[in-house]
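*Asks:*
Protein chains in written order, with the numbering used here: chain Y, 236 to 571; chain S, 2 to 357.
(1) Checking 8 Å against the spacing of the C-beta atoms, do residue 63 of chain S and residue 98 of chain S come in under that value?
(2) Could you check whether the Cβ of residue 275 of chain S sits closer than 8 Å to any Cβ belonging to chain Y?
(3) For the alpha helix (DSSP H) containing residue 304 of chain Y, name the first residue and the last one.
(4) Run through the DSSP bridge pairs and tell me what residue 483 of chain Y is partnered with.
(5) Secondary structure at residue 257 of chain S, three-state DSSP: helix, strand or coil?
(6) Provide the residue span of the alpha helix (DSSP H) that contains residue 515 of chain Y, from first to last.
(7) Helix or strand or just coil, what does DSSP make of residue 496 of chain Y?
(8) So, using beta-carbon positions, are residue 512 of chain Y and residue 498 of chain Y closer together than 8 Å?
(9) Among the candidates Y/467, Y/485, Y/300, whose CA atom is the shortest distance from the CA of residue 314 of chain Y?
(10) Using a Cβ-Cβ distance cut-off of 8 Å, determine whether residue 129 of chain S contacts chain Y.
(11) Can you give the beta carbon distance from residue 107 of chain S to residue 60 of chain S, rounded, assuming they're within the 8 Å contact cut?
(12) Using the C-alpha atoms, what's the distance from residue 142 of chain S back to residue 72 of chain S?
(13) Check this for me: beta carbons of residue 364 of chain Y and residue 411 of chain Y, under 8 Å apart or not?
(14) In chain Y, what lies closer than 8 Å to residue 202 of chain S by C-beta?
(15) Between which two residues does the alpha helix (DSSP H) containing residue 411 of chain Y stretch?
(16) Hey, residue 291 of chain Y and residue 457 of chain Y: beta-carbon distance below 8 Å or not?
(17) Under 8 Å, do residue 314 of chain S and residue 338 of chain S count as touching if we go by C-beta distance?
(18) Name the chain Y residues whose beta carbon is nearer than 9 Å to that of residue 9 of chain S?
(19) Label residue 113 of chain S either buried or exposed according to how many other C-beta atoms from any shown protein chain fall within 10 Å of its C-beta, with 16 as the threshold for buried.
(20) First and last residue of the alpha helix (DSSP H) that includes residue 358 of chain S?
(21) Would you be able to state if there are at least three C-beta pairs under 8 Å between the region 238-255 of chain S and the region 171-187 of chain S?
(22) Let me know the secondary structure DSSP gives residue 267 of chain S once reduced to three states.
(23) Work out the CA separation of residue 356 of chain S and residue 274 of chain Y for me, nearest whole Å.
(24) What are the residues of the region 493-507 of chain Y that lie near chain S, defined by any Cβ-Cβ distance shorter than 7 Å?
(25) How about residue 382 of chain Y: is its C-beta nearer than 8 Å to some C-beta of chain S?
(26) Give the single residue among S/231, S/184, S/211 whose Cα lies nearest to the Cα of residue 283 of chain S.
(27) Helix, strand or coil: how does DSSP classify residue 20 of chain S here?
(28) Exposed or buried, which one is residue 147 of chain S when buried takes at least 16 other CB atoms within 10 Å?
(29) What in chain S is Cβ-close to residue 347 of chain Y, meaning under 9 Å?
(30) Assuming residue 376 of chain Y and residue 396 of chain Y are in contact, meaning their beta carbons sit under 8 Å apart, how far apart are those beta carbons, in whole angstroms?
(31) With the cut-off set at 8 Å, would you say residue 263 of chain Y and residue 278 of chain Y are in Cβ contact?
(32) Mind listing, in chain order, the continuous beta strand (DSSP E) runs of no fewer than 3 residues lying wholly within the region 258-325 of chain Y?
(33) Which value, in whole angstroms, describes the spacing of the CA atoms of residue 162 of chain S and residue 171 of chain S?
(34) Classify residue 88 of chain S as helix, strand or coil using the three-state DSSP reduction.
(35) Flag residue 414 of chain Y as yes if its beta-carbon sits less than 8 Å from any beta-carbon of chain B, otherwise no.
(36) Please state the DSSP three-state secondary structure of residue 440 of chain Y.
Right, here's the structure in full:
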C-alpha cells in the first residue's frame with residue numbers, strides 16, 4: 236500500500252534529479268579519520284563509495300564507528316582527517332546546497348512530545364525550499380490514522396516511521412538512516428523496509444547502518460563491513476557470502492572439547508581437511524565449519540569425531556549469512 | 002535571496018514559532034508557572050499585607066488594694082470613652098503577666114496624686130500606648146488643650162504594600178518565564194538530540210533562535226494582562242504611566258531574560274545543569290532586586306552592585322512607570338542597564354551555542 240502511494244506522489248523526483256546532472260557517486264570518502272577529544276579513535280582510515288540509486292549498508296558491531304562515520308557524512312561532525320564528497324560537493328563549501336538535498340534520520344531522535352504527526356512534518360517541511368507534499372508523505376509512511384496524534388502517544392514503530400518521514404519530507408536525493416529499525420517489532424520493521432524500498436525505486440540513494448543481517452540482505456545492494464573504524468570488506472551481500480567459499484554453516488558442540496587452545500586449533504584444522512569442508516574454526520565454545528557440500532561433509536565430520544572418541548552434544552546447520560561473514564572476518568559475533 | 006527562498010524562510014519562522022506555541026500551551030505545567038503562579042502569589046501576599054484600620058492600644062488598669070478600686074474604676078471609665086484605647090481592670094499579678102506576654106502594652110496604676118505607668122520603651126506599641134493613654138487620662142482629669150488642631154487625612158495612592166508588590170511580581174514573572182521557559186526548553190531539546198536533528202535540515206540557525214524571542218514577545222501581553230487586570234480589579238492597583246511605556250519596559254525585560262535563558266542553555270547537555278545555573282543566578286535577584294521588599298534595605302556598600310542587576314533595573318523601571326507615572330525618557334537609563342545584559346548574553350550565546 237505504501238508503495239502505491241509513493242508511486243502516485245513522486246515529488247520533484249526523477250525528472251528534476253536528472254536535470255541536476257547528479258553525479259554517479261552519491262558518497263565518496265577516502266581515508267576518513269575521527270579522533271575524539273578524549274583520544275578515542277572512532278574512525279581510522281575508512282574508505283567508502285555509495286553509487287547513485289543504490290542502498291548501501293554499513294555493517295558492524297556497536298562501537299565499530301558506524302554512527303561517527305554517518306554523522307561525518309551528514310555534515311554534523313568534523314572529521315579529523317580524510318576527504319568527504321557528498322553528491323559531488325563538499326560540506327565546507329556547499330552546506331546549504333547539500334542540506335536541501337539530503338534526508339537524515341539520526342540513531343535516536345526524540346521529536347517534540349506535544350506536536351502531532353502532521354505538525355511535526357509541517358515543521359520539517361518548512362525548512363526546505365522544495366519538498367514533498369505533507370499528505371503524500373503521511374501516506375508513504377502509513378501514518379494516516381495517526382495524523383493528529385501527538386508524538387508521545389505513538390508506538391516505537393510509528394515514532395520511527397515519523398522520524399523517517401521527517402527525513403523524506405524535503406524530497407532528498409540521498410537518505411541517511413542510522414539504525415532505523417533497532418528495537419522494533421518484525422511488522423514495524425517490514426513497514427519501514429517498504430518505505431526505504433519505495434524511496435529507492437524513485438531513484439534515491441540510501442546509506443543505512445544496521446546490525447541486523449536480514450535487514451542488510453533485504454534492503455542493501457551493497458554492504459560495507461566495518462570494524463574498529465575501518466572497512467574490512469565491501470560487496471553485494473551475495474558476494475560477501477560467496478567469499479566464505481561455502482554456502483552452508485555447520486556448528487558442532489562436543490561434550491568435552493580439548494581444554495588447550497592448541498589442541499582445539501589442531502582439531503579444527505583436521506576438520507577443515509575433510510571432504511566438502513571449506514574452513515573450520517573454534518569459536519564461542521563450538522566448532523564452526525563452512526561447508527560447500529553438506530551431504531559429503533556431514534558423514535565425514537561425524538566419522539572423524541567418532542574416531543577421536545568425542546561425544547557429540549549438539550549439531551546444527553544453516554545457510555551462510557552476513558553474520559557468518561562478519562564472524563569469519565573479525566572472529567567476533569556482531570552483537571557481542 | 003530569491004522570492005521563493007524568502008517565502009520559504011518566512012514559512013520556516015512561522016512554523017518554528019507555531020511549534021513553540023503548541024509545545025507551550027499543551028504543557029499544563031508551563032501554563033501554570035506563567036499565568037497561575039503570579040496570580041496566586043499576588044492573592045496570598047495581597048491578603049497578608051492588606052491595609053488595616055489603626056488598632057486601639059490595649060492597656061490594663063491594676064487594682065493594687067481594695068481601697069484603690071474606686072480610683073481604678075474611674076480611670077477605666079475615662080479610658081473606655083476613647084476609641085483609641087481598649088482597657089481592662091486586672092489584679093497586679095494578672096497585669097504583670099499580661100504586660101510580659103504582650104497582651105497589654107501598658108499598665109496604669111492609680112497613685113496618690115495621679116497615675117503611674119508601667120511599660121517597656123523598647124516596644125513601639127508600648128510607646129504608642131504610653132502617649133495615647135497619658136493624653137486621654139490627662140484630658141479626662143481636666144487638662145485644657147492649648148489649641149484645637151486641624152488635620153487633613155491623606156491616603157497616597159501607590160503607597161500601599163500591594164502597590165509595591167505588583168510591579169515586583171511582574172518583573173519576577175518576566176525573569177522566570179524567560180530563564181526557565183527558554184533555558185529549560187533548549188536544554189531538553191539538546192538532550193533529546195532535537196537540536197542536532199534540526200541542524201541536519203537546511204533550517205537557518207538564526208531563525209531557530211529568533212523563534213524563541215518572537216514567541217516570548219508575542220506571549221508577553223497574554224501573560225501580563227491577567228495579572229494587571231486582577232491587581233486592578235481586586236486590589237485597585239492601577240498603572241499611572243502610559244501603557245506604551247509599560248509595554249516597552251516589559252518587552253525589554255522579557256527579551257533580556259529570554260536571551261539570558263538562551264545563554265545559560267547554550268552549551269548545557271542536560272536540563273539539570275541549566276536549572277542549577279538558573280537557580281544560582283536568579284536566587285540572589287529574588288532577594289536583592291526588590292521583588293518583595295525594597296532593595297534599598299541592603300547596605301550602601303552593595304547598592305551599586307544591586308543596582309546593576311538586570312532584575313533590579315527592570316523592577317525600578319516598572320515601579321517608576323506603574324506607581325510614579327514615569328515616561329519612557331525617565332526609565333531609559335534603567336532599560337539601558339537591562340538591555341546591556343541582554344546584548345552581552347546574546348553575543349555570548351551566539352558565539353558559544355552548541356549546535357551538534
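Backbone N, C-alpha and C define an ideal beta-carbon position, used for all residues, glycine too.
*Replies:* So, from the listed chains and residues:
(1) no
(2) no
(3) 301-308
(4) Y/526, Y/554
(5) helix
(6) Note, residue 515 of chain Y: premise wrong, no alpha helix (DSSP H); beta strand (DSSP E) at 512-518.
(7) helix
(8) no
(9) Y/300
(10) no
(11) 5 Å
(12) 12 Å
(13) When the beta-carbon positions are compared, residue 364 of chain Y and residue 411 of chain Y stay at least 8 Å from each other.
(14) Using a Cβ-Cβ cut-off of 8 Å, residue 202 of chain S is close to 334, 339, 359, 362, 363, 405 of chain Y, given in chain order.
(15) From DSSP, residue 411 of chain Y is part of no alpha helix (DSSP H) but of the beta strand (DSSP E) over 409-413.
(16) yes
(17) yes
(18) What residue 9 of chain S touches in chain Y: 361, 362, 363, 364, 365.
(19) exposed
(20) No answer is possible for residue 358 of chain S: the residues shown for chain S start at 2 and end at 357.
(21) yes
(22) coil
(23) The alpha-carbon of residue 274 of chain Y is positioned some 22 Å away from that of residue 356 of chain S.
(24) none
(25) no
(26) S/184
(27) In this structure, residue 20 of chain S counts as helix in the three-state DSSP scheme.
(28) exposed
(29) 20, 23, 24, 190, 193, 195
(30) With a contact defined as Cβ atoms closer than 8 Å, residue 376 of chain Y and residue 396 of chain Y qualify at about 4 Å.
(31) no
(32) 260-270, 276-286, 290-294, 316-321
(33) So the alpha carbons of these two residues sit roughly 15 Å apart.
(34) strand
(35) Absent here is chain B; the protein component of the structure consists of chains Y and S.
(36) Note: residue 440 of chain Y maps to strand in three-state DSSP.
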